[in-house]
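Structure first, commentary second.
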Amino acid sequence: MAVPGSIGQFEHVVLAAVLALGDDAYGVTIHERVEEFISPRTAALGAVYATLDRLEDKGLVTSWLSGPTPERGGRSKRHYRLEANGERALRDATVAAKRICDNLERIWGEDVWTAGRRWKPARQS
Amino acid sequence: MDRRPTLETRPPVLIDAVVRMLIPPPCREHVVGDLWERYRSPLGYVLDAARTVPFVVASQIRRTSPWAAVVIQVFLLSVGFGFGSGRLPTIAVSVTAAMAALVLRDAYKSQSSLSAKQIVVDLVFPVAGVLVSQIAIALAAPPLLLRPTALTSGSFAFFVLFLLRLQNPTLGVVPRRAMVQAPATMEALMIEVRLHERLGRRAIWIEALTGLALAVFFIVPLVYSTNWFLRIGWGLAVAYGLYVAAIMLRHRTKPMPEGLGFRESIAHYRRELVRQHGFVQTMWFWYLLPGVPAIAFIMIGAAVHAAERGRPAWPAAVMAVIMFGFGAVVHFFTRQMADKVQARIDALRAAEDQRGLTL
């Protein structure tokens, strides 16, 4: 059974994207930032929504609808914000990832960050 | 990057209407808006929607139909239709049609009212699902049609389902958002407290009356029992029904006294939730466990009865396993309820602490 407040790998990425985007975190921008983070892999927009729903049910993020905007056919955006529990969960997951990374560096004897494929943004805006 | 679609770059009206129809109403507004914002071409729009809508629907189903709740409802309907029809394919088709309609109804409903009227409207959909499946069976395989007895017992199962949903009105409703935030004003707090009291009273009365009704109903098999195991089992079942009714009435929700300040009201509400949390978390001990001897005696009695008539005893064993499995699911379901109550208690405690610091 999952530990309360524990998050999966994709949830970790989505939480990081919400934190990075601040006030501009909504479906489209979160998806773009997630694809940047996981490049060269891609993610479906729907997978991001499903993960945001799960994170909201866990009380890690909250959401609200903004006013309708004409450029979206008069439809609102659902904005997301990290809650204190979400920030804690993100921190815990990042510490765990760093620990794994340090261990792998010790085993492989090389810098994990520079070995293999380098990170680069998926899209230039 | 300018994502604003111009008048020429908006999705075709027909495709847009289909996509809008497929997205559940609670998420329609922002999902359609996001798809519009990403619009490049009609084909791209269709592909984007095809990669988005299934996830959105699945997520909405996950939120409105937790698996434990689905198992409990499947069990109820299976027993209902199975009671009047021993044919497994017939039962499977009816239950699958009813549950598919109910799960989709819960996912696609735009209102999440907790009234009895709303629950009746919700249950119209699974009933329609069963009727449609029966029409299809009548055309394709008439021997598999439900017998009139199964239709009667199935109707009773829907009545029990109505009571279950009336008792747990959050079944089929998206979990409360922002559980982590406590009410900020007295008005918001009192709305939540009064709703909690009303639902609590309703749940207790339904459970108590169901316990009494079952106690009376179990007298019939008690009178017609063919061996001592069955007599003891049904006697224990009658006692169990009365016990449930008594214990429920003893644990009624205590209404909040009038004239309390905001901080005192939060503290009172939190204490009430703590009491409720203890009640729900220990349910397996005081609610499920006392029912075990009755089930055990009835199953042994049924096996003895079958053996006396030269029939195999294994159906009783299978039924016992199903009953204990059902008990395990109910236990899991109540643990989830307890976790939600605990989340609310934590939020109220944090609000009290915050208030204490600011006063």
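First to last, the protein sequences are chains V and P. Here the first sequence is numbered in the numbering used here, starting from 1 and rising by one per residue. Here the second sequence is numbered in the numbering used here, starting from 126 and rising by one per residue. In this text, a Cβ means the ideal position worked out from N, Cα and C, and glycines have one as well.
Residue range of the unbroken alpha helix (DSSP H) whose run includes residue i
i	result
T177 (chain P)	167-189
H321 (chain P)	311-342
Y26 (chain V)	Counting along the chain, Y26 (chain V) falls outside any alpha helix (DSSP H), and DSSP gives it neither H nor E.
W353 (chain P)	353-375
F287 (chain P)	273-292
F410 (chain P)	Neither: F410 (chain P) is in no alpha helix (DSSP H) and is coded neither H nor E.
G254 (chain P)	241-265
R41 (chain V)	Note, R41 (chain V): premise wrong, no alpha helix (DSSP H); not H, not E.
G426 (chain P)	417-433
G403 (chain P)	387-406
V112 (chain V)	V112 (chain V) -> no alpha helix (DSSP H), and no H or E assigned at all.
S219 (chain P)	213-233
G158 (chain P)	150-162
I140 (chain P)	138-147
E11 (chain V)	9-21
Cβ-Cβ separation, residue j to residue i (assumed contact under 8 Å), whole Å
i	j	result
A282 (chain P)	V218 (chain P)	With 8 Å as the limit, A282 (chain P) and V218 (chain P) do not qualify as a contact, their Cβ atoms being about 15 Å apart.
V80 (chain P)	Y80 (chain V)	This structure gives no information on residue 80 (chain P), because the portion of chain P shown stretches from 126 to 484.
E162 (chain P)	R72 (chain V)	5 Å
L82 (chain V)	V61 (chain V)	6 Å
V466 (chain P)	L413 (chain P)	Incorrect: roughly 18 Å between the Cβ atoms, too far for contact.
I329 (chain P)	R377 (chain P)	5 Å
L361 (chain P)	F422 (chain P)	6 Å
G435 (chain P)	L355 (chain P)	With 8 Å as the limit, G435 (chain P) and L355 (chain P) do not qualify as a contact, their Cβ atoms being about 18 Å apart.
A93 (chain V)	I7 (chain V)	5 Å
V14 (chain V)	L55 (chain V)	7 Å
Run of the beta strand (DSSP E) containing residue i, from where it starts to where it stops
i	result
L65 (chain V)	61-65
R78 (chain V)	78-82
Closer than 8 Å to chain V by CB, residue i
i	result
W161 (chain P)	yes
H123 (chain P)	The requested residue 123 (chain P) does not occur in the structure, where chain P is confined to residues 126 to 484.
T177 (chain P)	yes
R188 (chain P)	yes
R135 (chain P)	yes
A468 (chain P)	yes
F404 (chain P)	no
A303 (chain P)	Confidence is the limiting factor: at A303 (chain P) the pLDDT is only 44, short of 50, which leaves the residue's position unreliable, though a coordinate-based value still follows. Output row for A303 (chain P): interface = yes.
V181 (chain P)	yes
I235 (chain P)	The identity of residue 235 (chain P) in the sequence shown is Ser, whereas the question assumes Ile. Not closer than 8 Å to any Cβ of chain V, the Cβ of S235 (chain P) fails to qualify, so no.
D173 (chain P)	yes
S166 (chain P)	no
S184 (chain P)	yes
G416 (chain P)	no
G158 (chain P)	yes
Q479 (chain P)	no
Cutoff 8 Å: residue i Cβ touching any chain P Cβ
i	result
I7 (chain V)	no
G27 (chain V)	yes
I38 (chain V)	no
A20 (chain V)	no
Exposure label - residue i; buried when at least 16 CB within 10 Å
i	result
V144 (chain P)	buried
D197 (chain P)	In the sequence as presented, Asp is not what sits at residue 197 (chain P); that position holds Ile. Per the 10 Å Cβ criterion, buried.
C101 (chain V)	exposed
I262 (chain P)	buried
K77 (chain V)	buried
A419 (chain P)	buried
D24 (chain V)	exposed
A89 (chain V)	buried
Y26 (chain V)	buried
V28 (chain V)	buried
T459 (chain P)	buried
M373 (chain P)	buried
I447 (chain P)	exposed
I391 (chain P)	buried
W359 (chain P)	buried
D231 (chain P)	buried
R188 (chain P)	buried
P268 (chain P)	exposed
Residues from the region 45-58 of chain V in contact with chain P, defined by Cβ distance under 7 Å: L45, G46, A47, Y49, A50, D53, E56, D57
Exercise. What residues from the region 65-99 of chain V come within 7 Å of chain P, judged by C-beta to C-beta, listed N to C?
Worked result: L65, E71, R72, G73, R75, S76, K77, R78, E83, N85
Selection of the region 355-368 of chain P by Cβ proximity to chain V, strictly under 8 Å = none
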